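Chains as they are written, first to last, in the working numbering: chain A, 314 to 619; chain B, 68 to 308; chain C, 34 to 413; chain D, 11 to 268.
Written out as structure tokens, the structure reads:
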């Protein structure tokens with residue numbers, strides 16, 4: 314295989330990795346503050362992408378021309394819409410389940426995901442068909458032999474890195490981030506420090522959901538298409554990524570995101586039969602990884618009192 | 068009236084059973100009030116009730132003239148109460164500086180910086196280790212972090228839950244002298260302890276808790292002589308050696 | 034004291050209701066019946082009828098089990114010439130068998146499995162391959178398909194044993210997705226188009242031929258499958274009951290409730306998880322094999338993650354750990370969208386919301402499991 | 011003097027930097043009730059967890075009936091005849107009282123698949139004798155409780171739950187019983203009743219050694235033959251209650267330095 318093709322695979326892997334990492338960070342944030350898996354996260358991503366699409370229809374109807382302005386408006390709409398959705402889910406569905414067995418919460422969010430997905434399919438106009446996602450980024454590409462570098466991909470990748478760096482700065486440097494980390498370690502002591510637990514939880518869910526929305530928009534721009542089902546697989550991959558990284562650890566989630574993308578890419582390149590097996594290979598590798606490190610690569614905090 | 072806490076006829080507990088039955092006590096401003104009792108006497112539940120973590124079923128808790136009923140923990144903290152919890156409860160995966168910053172969570176950055184400087188003055192050791200993860204420190208150092216974190220809130224009332232638990236005698240001694248200095252800063256202290264002699268040596272007034280009830284109270288001098296105190300720890304009928 | 038008549042009355046009522054429901058065609062009648070059922074349930078719980086029925090079932094278990102079996106036959110006989118109704122009945126019974134398996138894993142032992150539909154699919158594909166390419170007798174195929182599901186499941190045993198909670202859930206979800214993706218891209222197994230199967234033939238009886246009663250009366254060929262599915266359901270039910278009512282059932286419960294306490298009292302957590310997991314997957318595989326041969330056609334889309342979720346919903350709605358509840362939930366979940374066309378499109382949304390409501394407001398399910406009675410009919 | 015049941019020498023348990031048990035020496039004799047006392051965090055429950063195999067000791071040995079426990083799994087230790095109760099009740103609350111007892115009876119029941127699924131008559135015989143045994147044992151503690159064998163454990167009061175937990179530990183006829191603060195969360199009156207029960211059990215099961223963690227000194231005084239005092243993971247005193255209570259180190263541990 315020549316360098317150009319290899320480069321193409323690496324680029325492709327990085328694009329997927331950044332999107333997966335953004336989804337996985339959400340999973341790990343939710344797990345951090347409430348010790349729960351919010352499986353509906355992938356479908357919140359779908360809602361985000363469709364919100365952006367709806368906003369696009371709205372702003373073009375209003376006659377907005379500038380692609381950058383449009384992009385800004387629809388991204389904001391997606392972020393705002395899903396942030397509110399995420400906070401509402403936390404407040405009315407997940408907080409009331411505190412103290413319930415973790416598996417019940419997982420089931421609840423699995424079902425919530427189904428409900429969101431079905432709602433998009435049923436209630437978005439013609440929602441069961443794939444939708445074209447508008448091309449708002451400059452087209453064009455640079456060619457190096459068999460290696461094509463699309464400019465919009467570069468922009469998407471840079472935006473993804475910027476968002477992730479931003480989130481990790483927020484978590485690691487800001488006072489609110491400090492509160493989130495404190496709640497993640499020991500919610501009760503965090504309350505004793507004067508932290509308003511509910512406010513922190515709601516903010517975290519809003520933040521994670523906004524990340525998902527951005528990932529959804531980026532995904533739409535990368536493939537120029539979205540559909541009601543996109544969140545299911547993306548959510549599952551994000552969940553896997555968060556788990557193989559080690560739940561509750563933001564760097565683990567990022568690592569897991571890129572690792573999963575790498576597994577898929579390796580599967581596509583190396584499998585002798587057909588690249589169609591790449592997802593099979595990636596999920597099988599995840600299962601093997603779980604057998605080897607049952608709580609992920611960067612182990613989760615855990616202790617049981619007897 | 069700054070920092071006066073009154074617990075009035077409080078019943079509190081978990082799962083339908085009361086751990087505290089009809090507990091009443093007062094922590095006078097600017098003084099060290101202690102709660103003595105053996106394991107399982109309800110001391111920790113009392114602290115939780117005051118902090119709103121296990122709200123009382125009945126009875127009132129009044130701080131500075133305000134009834135704390137119905138307030139969430141962060142609102143109670145805002146009223147001027149802070150706590151150094153049992154077992155220290157430092158955030159082990161956060162640095163010393165971050166732990167201290169959390170102690171003054173409700174204060175602004177500027178104020179927090181000033182207070183942090185003051186805490187570093189009391190515990191120079193913490194200043195040396197500001198960037199270290201707390202989990203990698205010794206038990207004694209973690210105790211300093213926990214106390215420092217409690218001071219960061221600049222509270223009117225500080226609840227201290229078993230500061231000597233699991234510490235070597237040397238650190239216990241040091242801790243008690245620090246508590247003395249805290250009181251000298253004008254902070255009301257409610258100290259929960261099993262270590263009777265050292266506690267009574269620094270406390271002004273004390274209550275003895277046994278199986279969720281106040282069985283004795285008095286000045287430190289009175290309690291030193293009190294038979295109930297001995298009984299709470301050594302049962303009936305045993306005289307000191 | 035639970036008089037026998039309460040139990041008999043309830044079985045008869047449910048059977049008559051089921052017959053009416055299956056008979057109803059007009060949407061207004063179906064809706065009327067549904068409203069009637071809801072009102073009846075509210076009244077029944079209000080006037081303590083449910084408690085009495087439950088008591089009656091506890092005391093006269095064996096008699097009422099037989100009566101239930103007979104009632105199933107009676108309902109099927111009533112619709113003996115209607116292909117579609119019998120197909121639905123058999124499907125409900127086969128889902129019941131699979132859900133009993135998942136219930137043993139999750140409801141009893143606490144081992145989560147979000148790949149129920151995948152193991153169902155393993156059985157179905159095993160049956161398809163065996164019936165197309167080998168002369169193995171069809172009854173043996175069912176058994177082999179169950180074994181294949183158990184063996185493929187055992188690939189997951191190490192991660193399932195080593196992980197807990199979310200991590201274990203992740204492993205089974207990943208397996209379910211992996212399985213479906215594998216089927217879609219694998220050309221020898223038919224790819225997305227799936228595979229066709231011949232109908233069953235047992236002891237020389239071709240299952241896919243109608244049975245002539247007289248010159249102008251026939252019994253639908255689906256009756257064969259209904260009878261087979263009913264026998265399997267009875268077998269799975271009885272197996273589940275026997276496991277529950279033995280020291281094994283106790284071990285499974287202990288594993289679910291407190292693994293540390295188990296270790297303290299010598300209970301081998303890994304062993305019982307493996308037992309429950311293997312039996313459960315085998316039941317899914319068996320049900321899948323019969324389902325495949327009955328429908329004559331299978332494709333990856335029959336075995337999606339969504340279908341696994343439906344199975345979990347059935348267990349949860351029915352009452353975790355309670356096989357009777359599973360039976361009723363399976364019937365409701367599978368029949369409702371078939372009869373009520375207007376909700377067909379909305380069924381996933383509807384179930385999702387329903388299960389969320391159950392989780393939030395009645396987490397023990399609609400018919401919660403009762404205490405274990407090792408030997409039914411009374412406590413010595 | 012009879013040979014001790016349990017011999018611990020230099021038993022040490024470290025968690026990271028924390029030494030929870032520090033070179034502990036302790037013997038338990040058959041038929042005695044040994045009280046274990048010490049301030050919070052002094053290592054009593056850790057000692058139980060090491061002896062029952064929940065944790066593996068960092069160093070030292072605990073020899074029970076000729077076998078070194080520190081090499082055995084929790085399951086093997088149970089089969090060798092050591093059972094326990096937990097500080098916070100760990101009953102299976104949704105299950106019946108009988109089921110809870112049978113969890114403790116594991117080593118005396120037949121767990122073969124074929125036996126349980128197909129030999130229902132033999133199973134019934136085993137079941138019936140187990141029911142009788144469970145009822146008799148429960149009746150030693152409380153006659154009314156023995157009639158409620160098939161009610162859920164969640165339906166009974168705190169003291170009855172403690173009784174069930176003790177019966178669960180006793181029904182397999184262990185040689186050594188570890189009781190971790192059985193009186194926690196109970197009133198004076200209930201504690202007194204429960205201790206009477208424990209004395210009664212000791213009378214009926216000669217040779218059974220009991221280690222009792224307890225913070226109430228009058229209870230220790232009343233029911234124990236000997237006691238050992240822990241502080242910072244070390245055994246600082248051992249002997250009869252009167253000896254121990256008079257010990258200067260003990261007074262210091264509890265009351266602090268003068």
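All C-beta atoms, glycine included, are put in the ideal place defined by N, C-alpha and C. Small disclaimer: the values here were computed from a predicted structure and weren't measured.
- prompt: In angstroms, rounded to a whole number, what distance separates the CA positions of residue 152 of chain C and residue 337 of chain C?
  reply: 11 Å
- prompt: Considering residue 36 of chain D, what are the terminal residues of the beta strand (DSSP E) in which it resides?
  reply: Its beta strand (DSSP E) spans residues 28-38.
- prompt: So, does the CB of residue 161 of chain B fall closer than 7 Å to a CB anywhere in chain D?
  reply: It does not; no Cβ of chain D falls within 7 Å.
query: Residues of chain D with CB under 7 Å from residue 84 of chain B, in chain order?
result: 168, 195
message: Check whether chain E comes within 7 Å of residue 109 of chain D, counting only Cβ atoms and requiring the distance to be less than that.
response: The chain labelled as chain E is not found among the protein chains of the depicted structure, namely A, B, C and D.
- request: State the beta-bridge partners of residue 260 of chain B as determined by DSSP.
  value: B:103
query: Going by beta carbon distance, what residues of the same chain come within less than 8 Å of residue 134 of chain B, once the five residues before and after it are set aside?
result: Residues of the same chain with a CB within less than 8 Å of the CB of residue 134 of chain B, apart from the 5 flanking positions on each side, are 127, 128 in chain order.
query: If we call anything under 7 Å between Cβ atoms a contact, is residue 362 of chain A one with residue 579 of chain A?
result: no
message: My assumption, with CB atoms under 8 Å, is that residue 359 of chain A sits in contact with residue 429 of chain A. Please give the rounded CB distance.
response: 7 Å
- request: Could you tell me whether the region 150-159 of chain B touches the region 97-104 of chain B, using the rule of 3 or more Cβ pairs below 8 Å?
  value: no
- prompt: Where DSSP assigns a beta bridge to residue 94 of chain D, which residues make up the other side?
  reply: D:188
query: What residues match up with residue 133 of chain B in a beta bridge as DSSP calls it?
result: B:130
query: Would residue 553 of chain A be called buried (16 or more neighbouring beta carbons within 10 Å of its own) or exposed?
result: buried
Status (buried if at least 16 other CB within 10 Å, exposed otherwise) for residue 58 of chain C: exposed
query: Taking all protein chains shown into account, do 16 or more other C-beta atoms lie within 10 angstroms of the C-beta of residue 238 of chain C, making it buried, or fewer, making it exposed?
result: exposed
query: Do the CB positions of residue 51 of chain C and residue 259 of chain C come within less than 7 Å of each other?
result: Between residue 51 of chain C and residue 259 of chain C, the CB-CB gap reaches or exceeds 7 Å.
- prompt: By how many angstroms is the C-alpha of residue 238 of chain B removed from the C-alpha of residue 48 of chain D?
  reply: 19 Å
message: Could you compute how far the alpha carbon of residue 174 of chain B sits from the alpha carbon of residue 397 of chain A?
response: Those two C-alpha atoms are separated by around 28 Å.
task: Using three-state DSSP, classify residue 245 of chain C as helix, strand or coil.
output: strand
field: Alpha-carbon to alpha-carbon, residue 168 of chain C and residue 332 of chain C
entry: 23 Å
7 Å Cβ cutoff met for residue 338 of chain A and residue 566 of chain A: yes
- prompt: Looking at chain C, which residues of the region 587-606 of chain A have a Cβ within less than 7 Å of any of its Cβ atoms?
  reply: 587, 589, 590, 592, 593, 596, 597, 599, 600, 603, 604
message: Here's the rule: buried if 16 or more other CB atoms are within 10 angstroms of the residue's CB, otherwise exposed. What is residue 280 of chain C?
response: buried
- request: Using a Cβ cut-off of 9 Å, pull out every chain A residue sitting near residue 130 of chain B, in sequence order please.
  value: Those within 9 Å of residue 130 of chain B in chain A number zero; the least Cβ separation is about 14 Å.
According to DSSP, residues forming a beta bridge with residue 78 of chain D: For residue 78 of chain D, the beta-bridge partners assigned by DSSP are D:73.
- prompt: Along the chain, where does the beta strand (DSSP E) that runs through residue 284 of chain B open and close?
  reply: 280-286
message: According to DSSP, is residue 617 of chain A part of a helix, a strand, or is it coil?
response: At residue 617 of chain A the pLDDT is 37, less than 50, meaning the model places this residue with poor confidence and gives no usable figure here.
query: Using 7 Å as the limit for Cβ to Cβ distance, is residue 415 of chain A near chain C?
result: So, interface residue.
- prompt: Does the beta carbon of residue 424 of chain A come closer than 7 Å to any beta carbon on chain C?
  reply: yes
field: Chain-ordered chain C contacts of residue 572 of chain A [CB-CB under 8 Å]
entry: By Cβ distance, chain C contributes nothing, its closest Cβ being about 14 Å from residue 572 of chain A, past 8 Å.
- request: Taking residue 227 of chain D as part of the alpha helix (DSSP H), name the residues at either end of that continuous run.
  value: Unbroken alpha helix (DSSP H) run through residue 227 of chain D: 227-233.
query: Identify the residues that DSSP records as bridge partners of residue 179 of chain D: which are they?
result: Its beta-bridge partners do not exist; DSSP assigns none.
field: Among D:233, D:224, D:226, D:239, the one whose alpha carbon lies nearest that of residue 213 of chain D
entry: When only C-alpha atoms are compared, the closest one is D:233.
message: At the level of alpha carbons, what is the spacing between residue 105 of chain B and residue 168 of chain D?
response: Residue 105 of chain B and residue 168 of chain D have their C-alpha atoms some 21 Å from each other.
query: How should residue 40 of chain C be labelled, buried or exposed, when 16 other C-beta atoms within 10 angstroms of its C-beta is the threshold for buried?
result: buried
- request: Output the distance between the C-alpha atoms of residue 344 of chain A and residue 574 of chain A, rounded to the nearest integer angstrom.
  value: 22 Å
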